[in-house]
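Protein chains: 2
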Amino acid sequence: MQNHKLTRQIQFIIEIDKLKSILRQTLLTDGSRQENSAEHSWHLAMMAIVLAEYAPPNVDMLRVIKMLLLHDIVEIDAGDTFCYDITGNQDKAERELLAAQRIFALLPVEQGAELRALWEEFEAHSTASAKWARALDCLQPLLNNQQTQGHTWRLHGVTRSQVLHRMRAVEKGAPALWPLVEQIIEDCVAAGYLKVEPEISSA
Amino acid sequence: MQNHKLTRQIQFIIEIDKLKSILRQTLLTDGSRQENSAEHSWHLAMMAIVLAEYAPPNVDMLRVIKMLLLHDIVEIDAGDTFCYDITGNQDKAERELLAAQRIFALLPVEQGAELRALWEEFEAHSTASAKWARALDCLQPLLNNQQTQGHTWRLHGVTRSQVLHRMRAVEKGAPALWPLVEQIIEDCVAAGYLKVEPEISSA
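Sequence lines, in order, name chains Z and D.
If you read the first sequence in the working numbering, its first letter stands for residue 14, the second for the next number, and so on.
If you read the second sequence in the working numbering, its first letter stands for residue 14, the second for the next number, and so on.
Put into structure tokens, the structure is as follows:
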């Protein structure tokens, strides 16, 4: 292969195969095994296509899909950090920054910078597109937990108010989907998949 | 949930989770297990982003990514058919047609028709975008087989001329990547990953 640029691009493509081995806390909807971050990213991109009509104005679908496809590749080095894991989230940003430095640098310089900027945009939720992408990234595990009778919530003792807090990203980035989220949470509480924290007495 | 349209879209999103359990013949590049069709589709969409500069004129990147993300969802019902399996390929089209009828019909009518048309465009390789998408769908398993020392080829006794024949889709849909494909095939033959068929005597 004479084309040095193409060689680097192919090496990047081979490298990211490793995302298929990064396991998340969620199970597949049939409960058979943990989901990995590559198939999760595929699912999010499909959601961006199917739910496009609910996106707020100024959302750029191609940009969103690119963000969703690449938003987790830093996990190849940094691993998946469970969203309710307080300790793991303390050094998540640092671990992911180091990962981004290594992984995007596999690409030709200009292209690596372009894809890294997309990842940074997603992480900062600095645009309507990034906020919409983030909302889908929250909605998918919610659907997944509903389908698996609250598997991840029960495993980690996650409560309704924690889920509601986390799902505020949907309210911000995908307001048209917020009633759906509220309904799913109430259905999950009613079904016993998600527990409500005991009320704290104000006395 | 009051919105009947959204209910159908969410049901479709939940249904396609099953693609994560459809196994392909190829292994992950680390050889640890078979690849599934959802993560394969993610990988192809990433390739469409990274290799965009090599796409022929008239290729629409968003259209290509959509095709690649959904091209395998018929396998939820029809299963993955190994490309060198002659018997399996005899009724592949019929099985996939039935699958398309069921799966795309889960969506609201207009949207189901739109996504199905994209799948049909991919299957017919009737446009520059579909030909490019098809080329990427051939290139990815080639890279994969190279990384796994020809695992799938050795398992099924696939030869150099069979691979070359199959890779003609790259020559047609992605001529700028054809020299890369020829080089990989020769490297795989030299490394002993891919066998050359014995020459047939013309006597």
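Here a beta-carbon is modelled for each residue, glycine too, at the ideal position from N, C-alpha and C.
Spatial distance of residue i from residue j (CA atoms)
i	j	result
V171/Z	D93/Z	18 Å
R167/Z	T42/Z	15 Å
P211/Z	G44/D	48 Å
I29/Z	E107/D	34 Å
K105/Z	L32/D	30 Å
S174/Z	L155/Z	14 Å
P69/D	A189/D	8 Å
M14/D	A203/Z	Reliability fails at M14/D, whose pLDDT of 47 lies under 50, so the model's placement of it is uncertain and the value that follows must be treated cautiously. Computed Cα separation, rounded: 15 Å.
G163/D	E52/D	20 Å
L131/Z	Q103/D	43 Å
Q114/Z	R115/D	44 Å
N49/D	M59/Z	16 Å
I27/Z	R129/D	30 Å
G125/D	F117/D	5 Å
W191/Z	H169/Z	24 Å
L149/Z	G205/D	45 Å
H138/D	Q47/D	27 Å
M180/D	C151/D	6 Å
I62/D	E133/Z	17 Å
Q160/Z	R37/Z	16 Å
A216/D	E66/D	For A216/D, the predicted structure reports a pLDDT of 47, less than 50, and the residue's modelled location is therefore unreliable. The matter cannot be settled from this model.
Q196/D	F135/D	27 Å
Beta-carbon neighbours of residue i, restricted to chain C and to distances below 7 Å
i	result
F95/D	Looking at the structure shown, chain C is missing, and the protein chains on hand are Z and D.
Partners in chain Z for residue i, counting only beta-carbon separations shorter than 8 Å
i	result
D30/D	L41, T42, D43, H56, N157 and Q160
Q22/D	V63 and L64
L207/D	Residues of chain Z passing the Cβ test: none, with the nearest at roughly 17 Å.
Closest Cα partner of residue i within the set the options
i	options	result
K144/D	Q24/D, R46/D, I26/D and V77/D	V77/D
E9/D	K79/D, Y206/D and L177/D	For chain D, the structure presents residues 14 to 216; residue 9/D sits outside this window and is missing.
E88/D	A130/D, L111/D and H56/D	L111/D
L64/D	A203/Z, A51/Z and F25/Z	F25/Z
H17/Z	N49/Z, A61/Z, T165/Z and V122/Z	V122/Z
E109/D	A91/D, Q196/D and F95/D	A91/D
C96/D	R46/D, F135/D and H178/D	H178/D
D98/Z	Q196/Z, E195/Z and T165/Z	T165/Z
Beta-carbon proximity of residue i to residue j, cut-off 8 Å
i	j	result
L82/Z	Q22/Z	no
L207/Z	C201/Z	yes
N157/D	T39/D	yes
D85/D	S34/D	no
V209/D	A141/D	no
A153/Z	L75/Z	For clarity, residue 153/Z is Gln in the given sequence; the question names Ala instead. No, they are not a contact pair.
I198/Z	V183/Z	no
R147/Z	G186/Z	yes
Cross-chain neighbours of residue i in chain D, by beta carbon under 8 Å
i	result
I27/Z	T42, L156 and Q160
S34/Z	L41, D43 and S45
With 8 Å as the C-beta to C-beta threshold (strictly closer), list the residues of the segment 39–71 of chain Z near chain D in chain order. L41, T42, D43, S45, E48, N49, A51, E52, S54, W55, H56, A58, M59, M60, I62, V63, L64 and Y67
The segment 164–196 of chain D: positions lying closer than 7 Å to chain Z by Cβ: L193 and Q196
Quick one: which residues of the segment 75–102 of chain D get their C-beta closer than 9 Å to a C-beta of chain Z? List them in chain order. L75, I78, K79, L82, L83 and I86
Against chain Z: residues of the segment 105–122 of chain D by CB proximity under 9 Å: L120
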